[in-house]
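**Q** Sharing a structure with you now.
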Amino acid sequence: MNAPQTPSRWDRPGSSRVPFWADTDPQLYQQELEKIFYGPHWSYVGLSTEIPHVGDYKLTQIGERQVLLVRDRVGPRERATDHGIRVVENRCAHRGVRFCQQPHGNARSFVCPYHQWTYKLNGDLAGLPFKDGVKDGDCVNGGMPEGFDIKDHGLTKLRVAVLHGLVFATFSADAEPLEDYLGPQIMPWLDRIFKGRELTLLGYNRQRIPGNWKLMMENIKDPYHPGLLHTWFVTFGLWRADQKSRMVMDGQGRHAVMISRRNEGGQAAVTEGVTSFKANMTLHDDRLLDVVPEPWWTIDDPANPGSSITPTVTMITLFPGLIIQQQVNSLSTRQIVPRGTGEFDFVWTHFGLSDDTPEMTQRRLRQANLFGPAGFVSADDGEVIEFSQDGFKQWGDGGATLCELGGTGTEATEHMVTETLIRSMYAYWKKVMAV
Ligand code: FES
Ligand code: FE2
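Numbering (this note's numbering), first residue to last: 2 to 436.
Have a look at this one:
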């Protein structure tokens with residue numbers, strides 16, 4: 002009898018057949034944490050508007066390591082060159098305790114509950130009890146050894162980069178500068194939403210999805226499914242296969258933008274045979290689709306100089322774990338926090354723009370109800386991601402996906418009948434993971 006095969010080699014050419022073990026192998030997942038999340042990649046940790054005042058902090062995660070996004074004190078002279086935003090690891094330098102348990106808060110300093118080592122907002126160790134021992138008559142008992150210098154025992158400090166209010170951090174000294182990491186193909190689509198704007202925080206929702214973290218990135222690089230899985234999208238024209246659309250990727254194929262322009266409602270030829278299309282479905286409350294075009298939707302077309310482009314939907318995936326959604330008037334970031342091979346948390350931060358009227362804020366909040374676990378898009382992506390993971394587990398190591406809509410290549414396209422963005426992400430993943 003043959004010994005069971007250990008999944009380690011991706012023995013097919015290209016990236017159009019993704020082996021199921023890429024989503025189920027625990028050893029491989031540990032390597033993903035090291036090479037991807039703690040390696041030379043930038044991870045999103047939040048919006049600067051979430052921590053407006055000195056001492057404000059937010060607890061979040063990169064891979065499975067908890068970090069704190071915090072607003073430090075900055076002198077008036079440094080303000081021009083220092084945004085004051087720090088990211089430090091939530092792990093005490095003494096005996097490794099996760100000292101912070103609050104998801105958000107404001108602090109003058111961070112004090113570890115175990116032995117009260119105290120850290121400044123920038124992660125420097127400020128002091129610790131009994132460092133110089135305890136006096137007993139003329140002698141001193143205990144204390145830290147002579148060569149102990151508090152300067153050498155701060156929290157792990159991450160590199161931080163802030164782009165138009167989006168905060169990214171990395172554990173790696175080797176990650177390239179953030180704008181190079183994102184690349185010139187992606188930047189115009191980030192500028193379109195964020196550049197020169199103040200953001201306002203509208204709220205959060207979270208879901209825990211029983212599937213591999215990469216399946217969520219795949220899902221947002223998959224323009225094939227929205228007009229099929231999501232009844233609502235196809236019926237009310239938010240996403241249909243005949244829409245004007247474009248698939249953009251960075252030079253390395255790891256980040257992407259799905260760009261699309263909404264049709265008005267009603268039946269189009271393309272809905273023939275799409276069983277999720279419900280011609281007679283109407284809304285009791287049509288405020289849900291009270292879409293108001295915004296001036297910033299139109300930009301100079303980065304691909305066609307001299308002409309402009311006005312998408313109604315842009316879904317940006319920034320490897321490894323961020324999705325930025327603009328679906329008509331609803332805006333959100335969605336952060337993927339992995340929890341082992343078969344589970345991740347999906348954290349949505351809904352935001353608006355500081356010059357929004359109260360009506361626009363209401364509209365953004367109402368439209369946010371279209372998406373997410375209790376959204377109208379039905380069915381939610383989290384549900385099919387769970388079914389995918391179940392299918393992979395059931396098949397075992399020999400299986401692979403078939404991801405060849407639009408061919409087996411990894412080029413940008415001007416239509417949505419393609420799985421090219423998924424193939425390009427796995428081509429990059431394969432290279433980084435050396436499988
Ligand atoms: Fe934090 Fe001891 S573990 S002070
Ligand atoms: Fe979807």
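Heads up, the beta-carbon is just placed ideally off N, CA and C, and yes, glycines get one too.
If you measure from the CB of tyrosine 115, is any heavy atom of ligand 1 nearer than 8 Å?
**A** In the sequence shown, residue 115 corresponds to position 114, counting from 1. Checking the Cβ of tyrosine 115 against ligand 1 gives yes.
**Q** Does at least one heavy atom of ligand 1 sit under 8 Å from the Cβ of leucine 129?
**A** Within the sequence shown, residue 129 is the residue found at index 128, counting from 1. Flag set: Cβ of leucine 129 near ligand 1.
**Q** Does DSSP put glutamate 90 in a helix, in a strand, or in coil?
**A** The residue labelled residue 90 in the question sits at position 89 within the sequence shown. If DSSP states are grouped into helix, strand and coil, glutamate 90 belongs with the strands.
**Q** In three-state DSSP terms, what is tryptophan 11?
**A** One-based indexing of the sequence shown puts residue 11 at position 10. The answer is coil: DSSP assigns tryptophan 11 none of H, G, I, E or B.
**Q** With a threshold of 8 Å (Cβ to nearest heavy atom), would glycine 97 be considered close to ligand 1?
**A** In the sequence shown, counting from the first residue as 1, residue 97 sits at position 96. For ligand 1, at least one heavy atom lies less than 8 Å from the Cβ of glycine 97.
**Q** Can you list, in chain order, the stretches of the beta strand (DSSP E) that have 3 or more residues and sit fully within the region 265–320?
**A** 314–319
**Q** Here's a check: name, in chain order, each residue in its chain whose Cβ is nearer than 7 Å to the Cβ of glycine 64, leaving out the five neighbours to either side.
**A** By one-based count along the sequence shown, residue 64 stands at place 63. Only Leu34, Phe38, Tyr39, Pro339 meet the Cβ criterion.
**Q** Express the C-alpha separation of valine 378 and phenylalanine 372 in angstroms, rounding to a whole number.
**A** To locate residue 372, count along the sequence shown from 1; it is residue 371. To locate residue 378, count along the sequence shown from 1; it is residue 377. Each residue's alpha carbon lies about 6 Å from the other.
**Q** Looking at the structure shown, is asparagine 438 part of a helix, part of a strand, or coil, going by DSSP?
**A** Absent from the model: residue 438. The displayed extent of the chain is 2 to 436, so no value can be given.
**Q** DSSP state of glycine 353, grouped into three classes?
**A** As a working mapping, residue 353 is identified with position 352 in the sequence shown. Secondary structure of glycine 353 (DSSP, three-state): strand.
**Q** For valine 19, which three-state DSSP category applies?
**A** Translated into positions along the sequence shown, residue 19 becomes position 18. Residue state, collapsed to three classes: coil.
**Q** Could you tell me which residues DSSP pairs with histidine 105 in its beta bridges?
**A** Position 104 of the sequence shown holds residue 105. Paired residue(s): Lys59.
**Q** Taking 8 Å as the cut-off, does the CB of tryptophan 118 come closer than this to any heavy atom belonging to ligand 1?
**A** As a first step, residue 118 must be located in the sequence shown, where it is residue number 117. Within the cutoff, so yes.
**Q** Suppose you measure from the CA of glycine 407 to the CA of arginine 424; what does that come to, to the nearest Å?
**A** As a working mapping, residue 407 is identified with position 406 in the sequence shown. As a working mapping, residue 424 is identified with position 423 in the sequence shown. So the alpha carbons of these two residues sit roughly 11 Å apart.
**Q** Closer than 7 Å is what we want: which residues have a beta carbon that near any heavy atom of ligand 2? List them in chain order.
**A** Asn220, His226, Pro227, Leu230, His231, Val378, Asp382
**Q** Counting along the chain, where does the beta strand (DSSP E) carrying glycine 204 start and finish?
**A** For the purposes of this step, residue 204 is identified with residue 203 of the sequence shown, where counting begins at 1. It spans 200–210 - the beta strand (DSSP E) in which glycine 204 sits, taken as one unbroken run.
**Q** Assuming serine 1 is part of the beta strand (DSSP E), what are its boundary residues?
**A** The chain is shown from 2 up to 436; residue 1 falls before or after that span and cannot be answered.
**Q** Considering only heavy atoms of ligand 1, does any lie closer than 8 Å to the CB of cysteine 93?
**A** Walking along the sequence shown from the start, residue 93 turns up at place 92. Yes, the beta carbon of cysteine 93 sits closer than 8 Å to at least one heavy atom of ligand 1.
**Q** Whose C-alpha, out of Asp125, Gln28, Arg18, Pro20, is nearest the C-alpha of threonine 342?
**A** The residue given as residue 342 occupies position 341 in the sequence shown. The residue from Asp125, Gln28, Arg18, Pro20 with its alpha-carbon nearest to that of threonine 342 is Gln28.
**Q** Looking only at its own chain, which residues have a Cβ that is under 6 Å from the Cβ of tyrosine 429, when we skip the five neighbours before and after it?
**A** The residue given as residue 429 occupies position 428 in the sequence shown. Once the five neighbours on either side are set aside, the close Cβ partners of tyrosine 429 are Gln253, Gly254, Arg255.
**Q** According to the neighbour-count rule (16 or more other Cβ atoms, all chains shown, within 10 Å of its Cβ), is phenylalanine 21 buried or exposed?
**A** For the purposes of this step, residue 21 is identified with residue 20 of the sequence shown, where counting begins at 1. Phenylalanine 21 comes out buried.
**Q** Under the three-state reduction of DSSP, which class applies to valine 135: helix, strand or coil?
**A** Here residue 135 refers to the residue found at position 134 of the sequence shown. Valine 135 falls in the strand class under three-state DSSP.
**Q** Let me know the secondary structure DSSP gives isoleucine 325 once reduced to three states.
**A** Walking along the sequence shown from the start, residue 325 turns up at place 324. It is a strand residue.
**Q** Any idea if tyrosine 205 is buried or exposed, counting beta-carbon neighbours within 10 angstroms, 16 or more meaning buried?
**A** Position 204 of the sequence shown, counting from 1, holds the residue named residue 205. Classification of tyrosine 205: exposed, given that the 10 Å Cβ count is below 16.
**Q** Name the two residues that bound the continuous alpha helix (DSSP H) containing glutamine 32.
**A** Position 31 of the sequence shown, counted from the first residue, corresponds to residue 32. Unbroken alpha helix (DSSP H) run through glutamine 32: 27–33.
**Q** CA-CA distance, phenylalanine 131 and proline 146?
**A** Position 130 of the sequence shown, counted from the start, is the residue given in the question as residue 131. Position 145 of the sequence shown, counted from the start, is the residue given in the question as residue 146. The alpha-carbon atoms of phenylalanine 131 and proline 146 are separated by roughly 11 Å.
**Q** So what's arginine 365 in DSSP terms, helix, strand or just coil?
**A** On the sequence shown, residue 365 is found 364 positions in, with the first residue counted as 1. Here arginine 365 sits in helix by DSSP.
**Q** Apart from the five residues just before and just after leucine 403, which ones in its own chain have a Cβ nearer than 8 Å to its Cβ?
**A** Mapped onto the sequence shown, residue 403 falls at position 402. Listed in chain order, the non-local C-beta contacts of leucine 403 below 8 Å within the same chain comprise Ser17, Arg18, local neighbours out to five positions each way being set aside.
**Q** Give me, in chain order, the residues of the same chain whose beta-carbon lies closer than 6 Å to that of threonine 311; leave out the 5 immediate sequence neighbours on both sides.
**A** Position 310 of the sequence shown, counted from the first residue, corresponds to residue 311. Contacts found: Trp298, Thr299.
**Q** Could you tell me the boundaries of the alpha helix (DSSP H) in which phenylalanine 1 lies?
**A** This structure cannot settle anything about residue 1, because the visible part of the chain is limited to 2 through 436.
**Q** So who's on the other strand from asparagine 213, going by DSSP bridges?
**A** Position 212 of the sequence shown holds residue 213. Asparagine 213 has no beta-bridge partner at all, per DSSP.
**Q** So, at 6 Å on beta carbons, what are the nonlocal neighbours of arginine 87 in its own chain, with the 5 sequence-adjacent residues on each side left out?
**A** In the sequence shown, residue 87 corresponds to position 86, counting from 1. Closer than 6 Å at the Cβ level, and outside the excluded window around arginine 87, lie Val71, Asp73, Asn123.
**Q** Whole-angstrom Cβ separation of alanine 81 and glycine 155, contact assumed at under 8 Å?
**A** Here residue 81 refers to the residue found at position 80 when the sequence shown is read from its first residue. Here residue 155 refers to the residue found at position 154 when the sequence shown is read from its first residue. In fact, because the Cβ distance is near 25 Å, the residues do not count as touching under 8 Å.
**Q** Name the one or two DSSP bridge partners that isoleucine 38 has.
**A** Your numbering for residue 38 matches position 37 in the sequence shown. Checking the displayed sequence, the identity of residue 38 turns out to be phenylalanine instead of isoleucine. According to DSSP, phenylalanine 38 bridges with nothing at all.
**Q** Work out the CA separation of threonine 25 and leucine 422 for me, nearest whole Å.
**A** In the sequence shown, counting from the first residue as 1, residue 422 sits at position 421. In the sequence shown, counting from the first residue as 1, residue 25 sits at position 24. Roughly 22 Å separates the two Cα atoms.
**Q** Less than 9 Å between the beta carbons of isoleucine 317 and alanine 280, yes or no?
**A** Locating residue 317 in the sequence shown gives position 316, where the first residue counts as 1. Locating residue 280 in the sequence shown gives position 279, where the first residue counts as 1. The criterion of a C-beta distance shorter than 9 Å is not satisfied by isoleucine 317 and alanine 280.
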